[in-house]
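Student: First the structure, then my questions, so here it is.
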Amino acid sequence: MEAVVFDFDGLIVDTESVWYEAFRQVFRRLNYDLTIDEFALCIGTSDDVLFERLKKKVSFTKEVIIKEAEAIYTNQLQNLELRDGVLDYLSSAKKLGLKIGLASSSNRSWVGSFLKRFEIKDYFDVVKTADDVVNIKPDPELYEAAIKDLGADPERTIAFEDSKNGLTAALAAGLNVVVVSNRVTSHLAFEGHRLRLNSMSDMALEELIQIISASRQKII
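Each residue of the sequence shown is one higher than the one before, counting from 355 in our numbering.
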């Protein structure tokens with residue numbers, strides 16, 4: 355392996371679980387119980403997918419929903435931390451001499467604020483966000499852009515994802531995908547990935563690379 359590319363929301367920091375609870379609270383005020391399955395539709399991509407689905411079931415104004423959810427979410431921001439094992443993976447990737455990229459459907463200011471807060475920006479050789487592409491996940495454009503700037507071979511690159519939309523994007527770009535589910539994606543069925551973990555603390559990066567490399571050799 356020569357490179358690793360990380361998703362951001364839900365993978366490096368579990369913003370998705372907090373967003374789910376925020377949206378769920380807002381919709382409860384409208385007497386609608388937002389399910390994890392419904393919310394999962396927008397994980398890794400735009401929330402427009404979620405709103406398109408819900409407008410058939412409940413009456414609401416999108417701008418009002420977003421404003422109220424953001425207010426709830428903002429109150430929880432200071433409680434967010436790096437997910438278990440993330441820092442270990444970033445450090446190990448550097449020690450192994452791997453190229454490190456980030457591919458996120460969120461905008462650059464959002465991602466950048468967290469990279470700065472947790473002091474991990476310098477780990478990444480390339481950071482690609484919604485500001486850099488025309489199409490976000492599940493389209494592969496973000497991963498293709500990251501791979502191009504990293505100068506890496508997709509077949510020798512591992513992508514870490516927590517969502518179906520992210521998995522679809524990374525697979526379409528030809529990467530080896532490791533799913534690291536979080537609280538709101540742990541119940542989902544994923545297909546096409548090389549490995550699935552509950553967190554990066556489940557397995558050392560070195561061991562993970564060995565397993566994926568061995569599985570690729572069997573396929574070839």
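Each residue gets a CB set at the ideal place from its N, CA and C atoms; glycine is no exception. Note that this is a predicted model, so its numbers are computed, not measured.
Note the first and the last residue of the continuous beta strand (DSSP E) segment covering Phe360.
Tutor: Here the beta strand (DSSP E) through Phe360 covers 357 to 360.
Student: Do the stretch 452 to 464 and the stretch 491 to 510 make contact, defined as three or more Cβ pairs closer than 8 angstroms?
Tutor: A contact exists between the stretch 452 to 464 and the stretch 491 to 510.
Student: Please report the straight-line C-alpha distance between Ile490 and Lys482, rounded to a whole angstrom.
Tutor: Each residue's alpha carbon lies about 10 angstroms from the other.
Student: Buried or exposed: where does Glu392 fall if 16 or more other Cβ atoms within 10 Å of its Cβ makes it buried?
Tutor: Classification for Glu392: buried.
Student: Is it the case that the Cβ atoms of Ile454 and Asp479 are separated by a distance below 8 angstroms?
Tutor: Contact: yes.
Student: Please return the same chain residues whose Cβ sits closer than 8 angstroms to the Cβ of Ser555, not counting the five positions on each side in sequence.
Tutor: Cβ neighbours of Ser555 beyond the five flanking positions: Asp438, Gly439, Asp442.
Student: Going by beta carbon distance, what residues of the same chain come within less than 8 angstroms of Ile566, once the five residues before and after it are set aside?
Tutor: If we look at Ile566 and ignore the five residues flanking it on each side, its Cβ neighbours are Met355, Ile512, Asn530, Val532, Arg548, Leu549.
Student: Which residue marks the beginning of the alpha helix (DSSP H) containing Arg471, and which one marks its end?
Tutor: Looking at the DSSP string, the run of the alpha helix (DSSP H) that includes Arg471 is 462 to 471.
Student: Helix, strand or coil, according to DSSP, for Glu435 in the structure here?
Tutor: It is coil, neither helix nor strand.
Student: Cutting at 7 angstroms between CB atoms, please list the residues of its own chain near Phe405, excluding the five before and the five after it.
Tutor: Counting only Cβ-Cβ distances below 7 angstroms, and skipping sequence neighbours, we find Lys416.
Student: From the DSSP output, read off the bridge partner residues of Glu515.
Tutor: Answer is Val533.
Student: Using a Cβ-Cβ cut-off of 6 angstroms (strictly less than) and excluding sequence neighbours within five positions of Val380, which residues of its own chain qualify?
Tutor: Ile419, Glu422, Ala423, listed in sequence order.
Student: By the three-class DSSP mapping on this structure, what secondary structure does Ile454 have?
Tutor: Ile454 falls in the strand class under three-state DSSP.
Student: Could you have a look at Glu560 and say whether DSSP puts it in helix, strand or coil?
Tutor: Helix.
Student: Mind checking who Lys482 pairs with in its DSSP beta bridge?
Tutor: According to DSSP, which records beta bridges pairwise, Lys482 is partnered with Ala457.
Student: DSSP three-state label for Pro494, please.
Tutor: If DSSP states are grouped into helix, strand and coil, Pro494 belongs with coil.
Student: Spell out the partners DSSP gives Leu549 in its beta bridges.
Tutor: Leu549 pairs with Val532.
Student: Please tell me whether Phe362 and Val465 are closer than 8 angstroms, where the distance is taken between their beta carbons.
Tutor: For Phe362 and Val465, yes; Cβs fall inside 8 angstroms.
Student: Restricting to runs no shorter than 4 residues, where is the alpha helix (DSSP H) found entirely within the stretch 360 to 420?
Tutor: Counting whole runs of 4 or more residues, the stretch 360 to 420 contains the alpha helix (DSSP H) stretches 369 to 382, 390 to 394, 402 to 408.
Student: Whose C-alpha, out of Phe360, Lys470, Leu395, Leu384, is nearest the C-alpha of Tyr374?
Tutor: The shortest Cα separation from Tyr374 among Phe360, Lys470, Leu395, Leu384 belongs to Leu395.
Student: Excluding the five sequence neighbours on either side, which residues of its own chain have a C-beta within less than 6 angstroms of the C-beta of Ile390, listed in chain order?
Tutor: Cβ neighbours of Ile390 beyond the five flanking positions: Val538.
Student: Out of Ala376, Met557, Glu560, point me to the one whose CA is closest to Thr428's CA.
Tutor: Considering only alpha carbons, the answer is Ala376.
Student: Do you know offhand how far Ile397's Cα is from Asp507's?
Tutor: One C-alpha to the other measures close to 27 angstroms.
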